[in-house]
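Asker: At the far end of the sequence shown sits residue 270, using UniProt numbering, and the numbering has no gaps. Here's a structure for you.
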Amino acid sequence: MSKLAKLLQRPEPLVMGILNTTPDSFSDGGQFVDKASAEARVKSMIEAGAEIIDIGGESTRPGATEVSVQQELDRVLPMIECAKQNDAIVSVDTSKAEVMQEALKLEVDLINDVRSFTAPGALKVVSSSDVHICIMHMQGEPRTMQQNPQYDNVVTEVQEALIKRIAECEEKGISKNRIIIDPGFGFGKTLEHNCQLMKQLESFRIIDCPLLVGVSRKTMIGQILDKDIAERGLGSVVAATYAALNGAKILRVHDVEETVQAMRIINAFQ
Numbered sequence: 001m002s003k004l005a006k007l008l009q010r011p012e013p014l015v016m017g018i019l020n021t022t023p024d025s026f027s028d029g030g031q032f033v034d035k036a037s038a039e040a041r042v043k044s045m046i047e048a049g050a051e052i053i054d055i056g057g058e059s060t061r062p063g064a065t066e067v068s069v070q071q072e073l074d075r076v077l078p079m080i081e082c083a084k085q086n087d088a089i090v091s092v093d094t095s096k097a098e099v100m101q102e103a104l105k106l107e108v109d110l111i112n113d114v115r116s117f118t119a120p121g122a123l124k125v126v127s128s129s130d131v132h133i134c135i136m137h138m139q140g141e142p143r144t145m146q147q148n149p150q151y152d153n154v155v156t157e158v159q160e161a162l163i164k165r166i167a168e169c170e171e172k173g174i175s176k177n178r179i180i181i182d183p184g185f186g187f188g189k190t191l192e193h194n195c196q197l198m199k200q201l202e203s204f205r206i207i208d209c210p211l212l213v214g215v216s217r218k219t220m221i222g223q224i225l226d227k228d229i230a231e232r233g234l235g236s237v238v239a240a241t242y243a244a245l246n247g248a249k250i251l252r253v254h255d256v257e258e259t260v261q262a263m264r265i266i267n268a269f270q
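Here it is, written out as structure tokens:
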């Protein structure tokens, strides 16, 4: 059993620290583009209690510029090596089959794909490995997803889409115990949609896969609190705590230390 599989069996949620090695990510774009600052960020998140480091080399915010395979590889591979050297569980946030392939050579633990492995070759790459995968719901494409998202019933439709994609993964030989699900907060969803998903988060237990929730510093937090990105830390920790109390197994966050402290408090009370 892999280290990640063992951790997923414990009752407490896992904290996943975000490392964006990009110049244009919505929250921390440009902060960790050089190797020294990125390495320092990895080490500080691990010291703060992050058990998973999620490394991304291409922004998926609306309107973000696409990057080439080589650009993405140049950004993420050194950081994978750094995180592995620091004994972290490593996740790679990518949709490109070529990046997945190279990441697997470095023995990453998780591939986190906002496009749910629909890009050419992506599903084939992960099906031939034993890596964990995270499939996320998104309506539309990252660069246009927020233009006019619409649902009749957002909770039901997201659940049905995830169940269908799980079945498609299983058909390609990926066992369900390797699959993590993400409702995709902010990916083709309005504030109302996001709030409905959060209110009914526990209903995702019916899918019987570990649930990843990522709302850290997102627009939904800013809309609720009327705060700019730099002022969304407290709201993000509260939202992560609510998610943890309602079934989230992995919390994808920027504010690692604060989220870890929040988890320790609720674990003590439970």
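Beta carbons: idealized from backbone N, C-alpha and C, even for Gly.
1. Specify the secondary structure class of D93 as computed by DSSP and reduced to three states.
2. Buried or exposed: where does E159 fall if 16 or more other Cβ atoms within 10 Å of its Cβ makes it buried?
3. Count the other CB atoms within 10 Å of the CB of G186; is the residue buried (16 or more) or exposed (fewer)?
4. CA-CA distance, M1 and V237?
5. Just to confirm the assignment: which complete beta strand (DSSP E) runs, minimum length 3, are found wholly within the region 40-123?
6. Going by beta-carbon coordinates alone, are Q121 and D93 separated by less than 7 Å?
7. Please classify R10: does DSSP put it in a helix, a strand, or coil?
8. Only counting the same chain, and skipping five residues up and downstream in sequence, which positions put a Cβ closer than 7 Å to that of residue 271?
9. Quick one: what's C169 bridged to in DSSP?
10. Using C-beta distances below 7 Å, list every residue in its chain close to V260, excluding the 5 sequence neighbours before and after it, in chain order.
11. I need the straight-line Cα distance from P11 to Q139, nearest angstrom please.
12. For F204 and G247, I'd like the C-alpha separation in whole angstroms.
13. Taking only three categories from DSSP, how would you classify H132?
14. Report all residues from its chain with a CB closer than 6 Å to the CB of A88; omit the five preceding and five following residues, and keep chain order.
15. Can you grab the Cα-Cα spacing for the pair A103 / V67, in whole Å?
16. For Q150 and E192, what's the separation of their Cα atoms in angstroms?
17. Report, in whole angstroms, the separation of the C-beta atoms of I180 and I250, which I expect to be a contact under 8 Å.
18. My output table needs one value for N267: the three-state DSSP class, helix, strand or coil.
19. Go ahead and label I206 buried or exposed: buried means 16 or more other beta carbons lie within 10 angstroms of its beta carbon, across all protein chains shown.
20. Skipping 5 residues on each side, what residues in its chain have a beta carbon closer than 7 Å to that of L245?
21. When you compare each of K6, C82, T60, T65 to A36 by their alpha carbons, which one comes out closest?
22. Use the C-beta contact count for A243: other C-beta atoms within 10 angstroms, 16 or more gives buried, fewer gives exposed.
23. On a CA-only basis, which of V253, R252, R165, V90 is nearest V108? Give me that one, please.
24. Can you tell me whether DSSP reads M1 as helix, strand or coil?
25. Give every residue of the same chain whose Cβ lies closer than 8 Å to the Cβ of L4, excluding the five residues on either side of it in the sequence, and list them in chain order.
Answerer: Answer, in terms of the structure:
1. Look at D93 here: in three-state DSSP terms it is strand.
2. The amino acid at residue 159 is misidentified as Glu; the sequence shows Gln. Q159 comes out buried.
3. Buried.
4. The straight-line gap from Cα to Cα measures roughly 31 Å.
5. Those beta strand (DSSP E) runs which fall completely within the region 40-123 and span 3+ residues are 52-56, 89-93, 110-113.
6. The sequence shown places Gly at residue 121, rather than the Gln named in the question. It is not a contact, given that the beta carbons lie outside the stated cut-off.
7. In this structure, R10 counts as coil in the three-state DSSP scheme.
8. It is not possible to answer for residue 271, since the shown part of the chain is limited to 1 through 270.
9. Paired residues: none, contrary to the question.
10. Once the five neighbours on either side are set aside, the close Cβ partners of V260 are V15, A48, G49.
11. Take the alpha-carbon of P11 and the one of Q139: they are about 31 Å apart.
12. Computed Cα separation, rounded: 8 Å.
13. Three-state DSSP puts H132 in a strand.
14. Scanning its chain for C-beta atoms nearer than 6 Å, with the 5 sequence neighbours on each side dropped, one finds around A88 the residues I46, I53, in chain order.
15. A103 and V67: Cα-Cα distance of roughly 17 Å.
16. Cα-Cα distance, rounded: 11 Å.
17. Right, the Cβ-Cβ distance comes to about 7 Å (below 8 Å), so this counts as a contact.
18. N267 carries a helical assignment under DSSP once its states are collapsed to helix, strand and coil.
19. I206 comes out exposed.
20. Counting only residues of its own chain and dropping the five nearest sequence neighbours on each side, L245 has a CB closer than 7 Å to the CB of I266.
21. Answer by Cα proximity: C82.
22. That one is buried.
23. That would be V90, whose Cα lies nearest to the Cα of V108.
24. Coil, per DSSP.
25. For L4, the CB contacts under 8 Å within the same chain, skipping 5 residues up- and downstream, are I52, I89, D109, L110, H132 in chain order.
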